[in-house]
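Everything on this sheet refers to the single structure shown next.
Chains as they are written, first to last, in our numbering: chain A, 53 to 247; chain B, 53 to 247.
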């Protein structure tokens, strides 16, 4: 069992636009390309954050997309009453990872998102594959896949870093497992997180 | 003559760390991989922003890396007195594009950076190839390649966007021209900007 993502990101790093609309709505993606059917073919369970679940639920109730597969929602709140019986709330990434390991299903786990859920599962050491489809579009605003701090250049800070004698420019590297370019210019990158 | 970038970016979109140190210092890059020698082989002129020039100048003066090639610096300020005679200041992206078109050199132009210079040349319609090497590292902070606005999810904003009947989820798409994976897990993506 592997916990895997298949998430689309704009070239400038956003998974949604400023309204929360997934970035794939800006492309030709209709659920049949970008390696998505191949990815889903071996998915036996779904995990997602509470925000993603509550955002998606209304639409999903008109045609529940996950069949009998268990769906784990990372949330500190109670699930909406209309959630199907296959949906389970878990309180932490650690609990999510443990529950997934103990659950009765075949295949891998789709970690749907959002970014907070992916970050917390990654930090807890549970993410096996970070699969990202980089779409050839620049959005300019939205929800970033990676929460980061943008900094402007500072000559002083840079000079100080150059003077430092003990610079440790080391970060744990991801491992690029595979990659594929699609006809629409999207680029599928699949990484194993460090450690 | 094409204006081209070959710039490294972390997986989370930063071209430098928080000190302004280029992200390639976090990798094994030593100037001989990542397609860089092949890229530079046909470069006849260099263009960069004023911040990049002033940041790099001290180091470059100990071994000027550009030979006799003309170097155009996009800046509203006077050049430092120690700048070599091959360095020319230009005041706008439009002027830069015009000067490059009229200059006497063979081959393409390396648009070195930084992000502001790339953005302004792109906005002025002058960028022919956006070449980005995506390094398999997450930095968490630094200077982003694309200036963007990070937004948190809002149920209200999302609901409003779903209710809208005239959604125009269209952005000009980049064209993925070519891509190459390198042994260290870096991924070279080369795009033509829209339009």
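Cβ atoms here follow ideal geometry from the backbone N, Cα and C, with glycine treated the same way.
What you are looking at is a predicted structure, and each value in this text was computed from that prediction instead of being measured.
At a cut-off of 9 Å between C-beta atoms, residue 238 of chain B counts as an interface residue with respect to chain A. The DSSP-derived three-state label of residue 113 of chain B is helix. The DSSP assignment places 145 to 154 and 167 to 175 as complete runs of the alpha helix (DSSP H) inside the segment 118 to 197 of chain A, in order along the chain (cut-off: 4 residues).
Put simply, the CB of residue 186 of chain A is near chain B, with a gap under 9 Å to one of its CB atoms.
DSSP places residue 93 of chain A inside the alpha helix (DSSP H), whose first and last residues are 88 to 93. Taken atom to atom, the span from the alpha-carbon of residue 247 of chain A to that of residue 140 of chain B is near 47 Å. Exclusion of the five residues before and after residue 227 of chain B leaves 243 and 244 as the residues of its chain whose Cβ lies within less than 7 Å of its Cβ. In this structure, the straight-line span from the alpha carbon of residue 153 of chain A to that of residue 143 of chain A is close to 15 Å. Rounded to the nearest angstrom, the gap between the Cα atoms of residue 209 of chain B and residue 191 of chain A is 17 Å. Shortest Cα-Cα distance from residue 171 of chain B to any of B:238, B:160 and B:100 involves B:100.
The contact set of residue 201 of chain A on chain B, defined by CB atoms closer than 9 Å, consists of 70, 192, 193 and 194 in chain order.
Within its own chain, the residues whose Cβ lies closer than 7 Å to the Cβ of residue 129 of chain B, once the five positions on either side in sequence are excluded, are 102, listed in chain order.
Here the alpha carbon of residue 96 of chain B sits roughly 59 Å from the alpha carbon of residue 122 of chain A. With a contact defined as Cβ atoms closer than 8 Å, residue 231 of chain A and residue 225 of chain A miss out at about 16 Å. Segment contact: the segment 193 to 206 of chain B against the segment 62 to 70 of chain B, three or more CB-CB distances shorter than 8 Å; contact assigned. From the listed residues B:223, B:202, B:167 and B:138, the smallest Cα separation to residue 188 of chain A is found for B:223. Residue contact check for residue 179 of chain A against chain B: no CB pair falls below 9 Å. According to the DSSP secondary-structure assignment, residue 66 of chain B is paired through a beta bridge with B:196. Around the beta carbon of residue 212 of chain A, fewer than 16 other beta carbons sit within 10 angstroms, so the residue counts as exposed. Residue 204 of chain A carries a coil assignment under DSSP once its states are collapsed to helix, strand and coil.
If you check the CB distance, residue 56 of chain B and residue 163 of chain B come in under 9 Å. Straight-line measurement puts the Cα of residue 148 of chain A at about 11 Å from the Cα of residue 177 of chain A.
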